[in-house]
Amino acid sequence: MPEVEAVCRKLRSEAAGSHIDAVRVYRCATESVAEGAAGRKIETIDRRGKHILIRLTGELTLHTHLRMSGNLYVIPDHRLHSMYARVVCELRGGQGLVLEDGRALARMDLVETASIDSRLAAELGPEPLSKHFTLDGFLAAAEVSRQPAKLFLMHQGNVAGLGNIYAAEVLFRARLDPRKPMNQVSARKVAALHEGIVGVLTDAVQSAVAAYAGPGAFHSEENFPVAVYDREGEPCVRCRRRVLRIPQGGRSTYFCPGCQR
DNA sequence: AACACGACCTGGTAGC
DNA sequence: TGCTACCAGGTCGTGT
417 MPEVEAVCRK LRSEAAGSHI DAVRVYRCAT ESVAEGAAGR KIETIDRRGK
467 HILIRLTGEL TLHTHLRMSG NLYVIPDHRL HSMYARVVCE LRGGQGLVLE
517 DGRALARMDL VETASIDSRL AAELGPEPLS KHFTLDGFLA AAEVSRQPAK
567 LFLMHQGNVA GLGNIYAAEV LFRARLDPRK PMNQVSARKV AALHEGIVGV
617 LTDAVQSAVA AYAGPGAFHS EENFPVAVYD REGEPCVRCR RRVLRIPQGG
667 RSTYFCPGCQ R
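Residue numbers for the first sequence follow the working numbering, beginning at 417 and rising by one.
1) First and last residue of the alpha helix (DSSP H) that includes S668?
2) For E459, tell me which candidate among L469, E451, E543, G553 has the shortest Cα-Cα distance.
3) Tell me the start and end of each unbroken beta strand (DSSP E) in the stretch 489 to 539 that is at least 3 residues and wholly inside, in chain order.
4) So if DSSP puts I581 in a beta bridge, which residue, or which two residues, is it bridged to?
5) So is G612 buried or exposed if we call it buried at 16+ other beta carbons inside 10 Å?
6) Would you identify the three-state DSSP class for Q676, choosing helix, strand or coil?
7) Helix, strand or coil for R425 per DSSP?
8) I believe A590 touches K605 by the beta-carbon criterion, under 8 Å. Please report the beta-carbon distance rounded to the nearest angstrom.
9) Tell me, which residues are paired with V441 by DSSP?
10) Determine whether the beta carbon atoms of A556 and R443 lie at a separation below 7 Å.
11) Looking at the structure shown, is K365 part of a helix, part of a strand, or coil, going by DSSP?
12) Span of the alpha helix (DSSP H) holding L555?
13) Does the Cβ of T550 have 16 or more other Cβ atoms within 10 Å, making it buried, or fewer, making it exposed?
14) Based on DSSP bridge pairs, tell me the residues matched to H481.
15) Please identify the residue among P651, D646, E506 whose C-alpha is closest to the C-alpha of R667.
16) Could you please give the first and the last residue of the uninterrupted beta strand (DSSP E) stretch that includes L660?
17) Compare the Cα-Cα distances from H610 to each of A627, V586, Q600 and report the closest residue.
18) What residues are listed by DSSP as bridge partners for L472?
19) Is it right to say E386 is buried, meaning 16 or more other beta carbons lie within 10 angstroms of its own, or is it exposed?
20) Check this for me: beta carbons of G474 and I491, under 7 Å apart or not?
21) Quick one: grab the DSSP three-state call for R657.
22) Could you pull the start and end residues of the alpha helix (DSSP H) that V449 belongs to?
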């Protein structure tokens with residue numbers, strides 16, 4: 417989500433208000449995206465969880481998800497896109513709005529604004545950095561879930577926008593064992609998780625925006641400092657025990673068995 | 001209902 | 001060197 421937020425902020429400054437004159441679809445979208453989006457104007461850019469919502473005239477939305485490896489950005493000349501461009505929107509003035517993904521897992525589709533908004537409202541939990549993400553609501557969801565804490569955090573219906581890296585970092589900040597069933601986690605720890613989510617994402621958005629939006633910073637190294645993610649075997653920064661990697665839900669979870677209980 | 005697992009894709013890297 | 005196997009920031013569909 418922090419990366420998606422950074423993408424959205426940059427797009428708002430570079431693409432909002434632009435007219436889409438033509439669209440070329442190579443992969444990751446159907447031709448109907450091209451037919452339906454061409455000729456419309458980009459009004460605003462919204463984000464919900466990890467979903468990017470490009471609002472077009474006519475109550476239509478270009479619903480975009482970057483998945484693992486996608487990127488979405490404006491280039492000065494729509495003809496000069498990389499070989500991994502999957503969708504290119506030719507903007508009036510000659511720029512290009514490019515959905516790029518070497519792995520071709522990203523998705524873009526054109527939908528009615530009301531329908532995507534209601535769908536996402538039903539599927540996604542609260543925005544973690546908004547007033548809708550309350551401790552009471554989070555406690556209530558935690559009480560009734562038997563899922564391991566890590567999977568609970570990853571589930572977009574509980575809170576929108578946490579991915580594998582940030583879920584691990586949140587658990588580390590809250591000193592919680594990722595395997596612990598949520599309904600067995602004390603209220604104090606659930607509160608620590610809530611605080612950890614807000615803290616990690618606030619910091620990560622700041623890092624992502626700095627890395628992504630800075631002048632000429634197309635691959636800045638100013639990344640969010642991770643304590644456990646991808647640090648298997650390294651000493652824990654808090655207690656010096658070795659960081660473990662375990663499979664959960666088909667992916668890797670990193671945590672410290674010494675101080676995450 | 002809740003969970004596990006493969007599929008979707010390509011590229012990088014560790015290991016033989 | 002060259003091959004194979006496995007891993008990767010996410011989500012969805014299918015099967016148990």
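All C-beta atoms, glycine included, are put in the ideal place defined by N, C-alpha and C. Here the structure is a predicted model, which is why all the values come from computation and not from measurement.
Taking the structure as given:
1) Element bounds for S668: not the alpha helix (DSSP H) but the beta strand (DSSP E), 667 to 671.
2) L469
3) 501 to 507, 512 to 516, 523 to 528
4) Answer is none; I581 lacks a bridge partner.
5) buried
6) coil
7) helix
8) 6 Å
9) V503
10) no
11) Given that the chain is displayed from residue 417 to residue 677, the structure contains no residue 365 and the question cannot be resolved.
12) 551 to 559
13) exposed
14) H467, R523
15) D646
16) 660 to 664
17) V586
18) I458, L476
19) Outside the displayed span of the chain (417 to 677) sits residue 386, for which this structure offers no information.
20) no
21) coil
22) 447 to 453
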